[in-house]
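Chains as they are written, first to last, in the numbering used here: chain Y, 678 to 1441; chain G, 2 to 171. Reviewing the structure listed below.
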Amino acid sequence: MTLEWDHGMTTELQSLDHEIIGRYTDQPARLPAALRRRIEASWNGAPVQLYALADLDEALRLTEAWVALGPGHVTVARATDGRHEWDLMHIERARIEAVREAPGLSASTLTILGRPGDPALAVLRYSHRQRRAFENLTFVLEEALAGRTVTTVDADAEYAASVARPIRDAQALVAGRRGAVIRRLLGYLRPYRRQLVLGMAAATLITLVSLVPPYLAGYVIDRVVRPAQEGRLDVGRASAIAWLAVGAMALVYLVRQAAAVVRLRLMAVLGEWVARDLRAELYEHLQRLSLAFYSRKHTGSLITRVSADTDRLWEFLAFGVVDVSLSLVMLAGLGAVLLSLDWRLGLVMTLPVPLFCWAIYRHGESLNRVFLRVWRKWSRLTDVLSDTLPGVRVVKAFNQEAREIARFDGHNDDVTAEINRLHGIWTTFWPLLMLAVHATTLGVWVLAVPRLLGLGPALSAGAFVSFLLYTTMFVAPIEVIGQMARTVQRATTSAHRVFEVLDTEPEVTDAPRAVRLEPVRGRVTFEQVTFAYDGVRQVLRGVSFDVAPGELIGLVGPSGGGKTTIVNLIARFYDVTGGTIRIDGVDIRQLETGHYRRQLGMVLQDPYLFHGTVLENIRYGLPAASLEQVVAASQAANAHDFICKLQHGYDTVVGERGHTLSGGERQRVSIARAILHDPRILILDEATSSVDTETEREIQEALERLIAGRTVFAIAHRLSTLRKASRLFVIADGRLVESGTHRELVAKPEGRYRRLYEMQVELA
Amino acid sequence: METTAIRRPDSEEDTTPAGELRLTRRADGRLWAARGDAERAVWVRRCFPWSEPARFVSLRDDDQQEFALVRDPTDLDAASRRVLEEALVAAGFVFQITRVTAIEEEVDIRHWRVETRQGTRSFQTRLDTWPRVLQHGGLLVRDVAGDLYHLPDPTTLDRQSRALVWAFVD
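If you want it as structure tokens, here you go:
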């Protein structure tokens, strides 16, 4: 039997895997081309089908040895003298009788064995990074020993995926293109160009008019006050000019604050709009993504992306972008004004500015290191909370309250010490920085005083006062510029995290001309279906069956055998990697997924109820259902009675995940939901395994009403619950090993079902 | 009042008497354990790799079943003990960090570049996965692929390495 395997991996993903290996690991992204040619030549042109890197030698030092698998051979290539000279050892596959892996803490050993008692054909050692690639090799060799052939598609892609996958799962992009990320983020401002231009104009106006009051102060002193005091200007005229200047200053302040209102409001609102757009796009995309994505990512991390990361981007877009650009404008403007007022004093003030910015940047860096310690110690503290609060019954039962309090206090003290270290650093830095700024100002005084007294180049009192006022305006933009790197870094990190999700393509997509089955009759056909969640290790290996509409199929067999995978494929949560699944004769991949899933119902072992009322939960799949339909479905599900006993009846709000109801009650609500949904194909996955016998009887009764007239796939470990099945499929090791009615299977003397059944009868 | 005494299982009954156990490395390169008439190719797993690495070694067969538990290798005969110790070197292998050249944070991962006794190595940890501080004071880092990196005594590292790992040690 030949099992086809096709991972359907896109070229884009392959190139990402190669990029990840190149950037993040110290190993080659593929088998060296020259070595591959040499190996294939030694196999008379047969292709390398799979390969792996054995990165540890016999003495457990890092090395480079390649293991290549071909149709007739396994070849081990070891680098000699550390250069790319290869010593090849060929093993005929016909001589291989077993392969054994001995796993260790951080290194595994694969032994390829020939005849019993003969020396091992090869012993290979490798770190966990190579383990997936070796598992693929082992799988193919073991399948061959069992008489089955696994055909692989692209050895390079397989190797790259196996090495890069753990890194890709942790971070599905290669970071580093900060400019591109910022540009893409700023692209979200495009729909709000008008508001952005207005906001930026208001901000520029604020910056420019801020430069006016110090100038006016100098002007009034030099051109009005002093001439009037010295009798060179008439007091009446001086008063008029002075009041005019005061009026101008009032106008400046008014304009500035009006512009500030415009700027703050426009940019804050604009930032919110962009954050809203990002959140909406992100959530919509999350809903489209396949289950495989959710199995790779923690829910908490996804929630953070939708909430905290978009919030951080709001902050950056609303204020960060404007603050940074205007601070640059302000510093340039101030520098120009100071140098034009008096170039000597201007140089004293402007030359240290880069030094101040650098000092603030360094300060931020050193704070980051302390923040890391604080974060680590905080996580220890929260670990104690998340351990002991949910487990408080165990703590009390073992009388460990005092110990847990001491543990918490210890971590609490650690956190406080680190935070105080943090306070110690910034409370020292900022006064020191201000001292340096004051020292600069003092330098200005030192240079200016002799000149004010007539020694050296002339300096008017007004110009000096303007100068001093301008110097006070330096601190704020220096602070913003100094923290610019951190602001941009935080924003790009959040943007990366958001874009990582947006750039993930759903693995299950509708075909270009997807069809609708109207109506779905419920025939389900598997034709040589193979499936691998990851790599070439198949969890389903050539499964074929044909189920007629209305049949109740019981899926039984050991855990990990492939039962849940079968129902996941019927629900099209994943696409097959080989073979075909047909619904009413049509390839499932040609169906419009949304329409198809509306014909599908699931009742799971741990039913999920959403936060909301019992009524909303029952109506989840059919929001327009009438109350009569809801009550009828609940009655059929044996749920109506207990729901009416609740204080608020169907309007009872069930908590997060429906925790206010017992397991059996939640199960019956989920059955009512499925009955109302009226699916043509129904999947029951251990629907009664976590309830007591009496509740199980009630649920069983409800299920019998639910399954009538539908095609049903029911997974159950308790075989007694499948008495009424039309046929039973025994699934083991990814294969359909037996099928038939209960009576037929029990009659098989050496049958697996019979063995399972007898074991359960004995236990009962 | 009637009471029922609950006896702890006798330690000699629930584990293999080490004296009867023989370990050999055979021509096929594998470790074989023999006890009475039974013999099995086994691989070894330390039960307490960090708190008591020298004792309690589980010998497991290809079906992952425990064939024998060696409480103390000194109970074995000299030849068996030597073979077991050799097997433990591979089973207990972790990378030994001697120098840290860089630790950089990216979006979701922390990227480490280190020198180890086995050679130069780059690896990644998740940002919210912290190195484990071992009882004896060493540091154990687990990367995203599951490889382990042991830093026995951070105080003996060079100045730059100490500065880089400072945030991760107590």
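C-beta: ideal position from N, C-alpha, C; glycine also.
DSSP-derived helix/strand/coil call for residue i
i: M944 of chain Y; result: helix
i: S1403 of chain Y; result: coil
i: R1408 of chain Y; result: Correcting the residue type first, residue 1408 of chain Y is Ile in the shown sequence and not Arg. I1408 of chain Y: strand per DSSP, three-state reduction.
i: G794 of chain Y; result: coil
i: G908 of chain Y; result: coil
i: V1253 of chain Y; result: coil
i: W720 of chain Y; result: coil
i: M766 of chain Y; result: strand
i: E1381 of chain Y; result: helix
i: T752 of chain Y; result: strand
i: T829 of chain Y; result: coil
i: R8 of chain G; result: Residue placement at R8 of chain G is poorly supported in this model, since its pLDDT is 36, which falls under 50; the coordinates still yield a value, given next. Looking at R8 of chain G - three-state DSSP - the assignment turns out to be coil, as it is neither helix nor strand.
i: L1022 of chain Y; result: helix
i: H1354 of chain Y; result: helix
i: S978 of chain Y; result: helix
i: E1221 of chain Y; result: Checking the sequence shown, residue 1221 of chain Y turns out to be Ser, not Glu. In the structure shown, S1221 of chain Y sits in a strand (DSSP, three-state: E or B).
i: A936 of chain Y; result: helix
Chain G within 8 Å of residue i, Cβ atoms only
i: Q848 of chain Y; result: yes
i: Y1147 of chain Y; result: no
i: I844 of chain Y; result: yes
i: G781 of chain Y; result: yes
i: G1444 of chain Y; result: Here chain Y covers residues 678 to 1441 and nothing more, so residue 1444 of chain Y does not appear.
i: R1046 of chain Y; result: yes
i: R1053 of chain Y; result: yes
i: A810 of chain Y; result: no
i: A797 of chain Y; result: yes
Beta-carbon neighbours of residue i, restricted to chain Y and to distances below 7 Å
i: G120 of chain G; result: R738, L739
i: H112 of chain G; result: Y701
i: G147 of chain G; result: H805
i: S123 of chain G; result: Y701, T702, D703
is_contact[residue i, chain Y] using C-beta, thresh 8 Å
i: V84 of chain G; result: no
i: F94 of chain G; result: yes
i: A39 of chain G; result: no
i: F127 of chain G; result: Note on residue identity: the sequence assigns Arg, not Phe, to residue 127 of chain G. Yes, R127 of chain G counts as interfacial toward chain Y.
i: P50 of chain G; result: yes
i: G30 of chain G; result: yes
i: W131 of chain G; result: yes
i: R9 of chain G; result: Summary for R9 of chain G: the model assigns pLDDT 37, below 50, so the residue's position carries little reliability; its value from the coordinates is reported in the next sentence. R9 of chain G does not count as touching chain Y.
Buried or exposed by the 16-neighbour rule on C-beta atoms within 10 Å, applied to residue i
i: W113 of chain G; result: buried
i: D764 of chain Y; result: exposed
i: M1458 of chain Y; result: As shown, chain Y starts at 678 and ends at 1441. That puts residue 1458 of chain Y outside it, with no answer to give.
i: Y1210 of chain Y; result: exposed
i: S12 of chain G; result: Any reading at S12 of chain G must be qualified, since the residue scores a pLDDT of 39, below 50, and its modelled position is unreliable; the value itself is stated next. The residue is exposed, with fewer than 16 neighbouring Cβ atoms inside 10 Å.
i: G781 of chain Y; result: buried
i: E664 of chain Y; result: Residue 664 of chain Y is absent from the model: chain Y starts at 678 and stops at 1441.
i: R909 of chain Y; result: exposed
i: E21 of chain G; result: exposed
i: Y1285 of chain Y; result: exposed
i: A168 of chain G; result: buried
Closer than 7 Å at the beta carbon, the chain G residues around residue i
i: L1049 of chain Y; result: A168
i: L632 of chain Y; result: Missing from the structure shown is residue 632 of chain Y; chain Y here goes from 678 to 1441 and no further.
i: L790 of chain Y; result: D29
Closer than 9 Å at the beta carbon, the chain Y residues around residue i
i: W44 of chain G; result: R777, E778, A779, P780, G781, T786
Within chain Y, partners of residue i - CB distance below 8 Å
i: D63 of chain G; result: R777
Under 9 Å by beta carbon: chain G residues contacting residue i
i: R802 of chain Y; result: A91, F94
Beta-carbon neighbours of residue i, restricted to chain G and to distances below 8 Å
i: A1056 of chain Y; result: According to the sequence shown, residue 1056 of chain Y is Ser rather than Ala. Chain G residues near S1056 of chain Y: D129, W131.
i: R1174 of chain Y; result: V108, D109
Contacts that residue i makes with chain A (C-beta to C-beta distance below 7 Å)
i: T1170 of chain Y; result: Structure shown: chain A not included; protein chains present are Y and G.
| field | At least three beta-carbon pairs within less than 8 Å, the stretch 1180-1192 of chain Y to the stretch 1014-1032 of chain Y | value | Touching, no, given that fewer than three Cβ pairs across the two stretches are closer than 8 Å.
| query | Is the stretch 1160-1180 of chain Y touching the stretch 973-991 of chain Y in the sense that three or more CB pairs, one from each, lie closer than 8 Å? | reply | yes
| request: Would you check if the stretch 1384-1392 of chain Y and the stretch 1345-1362 of chain Y touch, i.e. whether three or more CB-CB distances between them fall below 8 Å? | output: yes
| query | Is the stretch 1135-1144 of chain Y in contact with the stretch 892-904 of chain Y, if contact means three or more CB pairs nearer than 8 Å? | reply | Yes, the stretch 1135-1144 of chain Y is in contact with the stretch 892-904 of chain Y.
| message | Would the stretch 807-817 of chain Y count as touching the stretch 723-735 of chain Y if we require 3 or more Cβ pairs under 8 Å? | response | yes
| Are the stretch 1214-1230 of chain Y and the stretch 1242-1256 of chain Y touching by the rule of at least three beta carbon pairs closer than 8 Å? | The stretch 1214-1230 of chain Y is in contact with the stretch 1242-1256 of chain Y.
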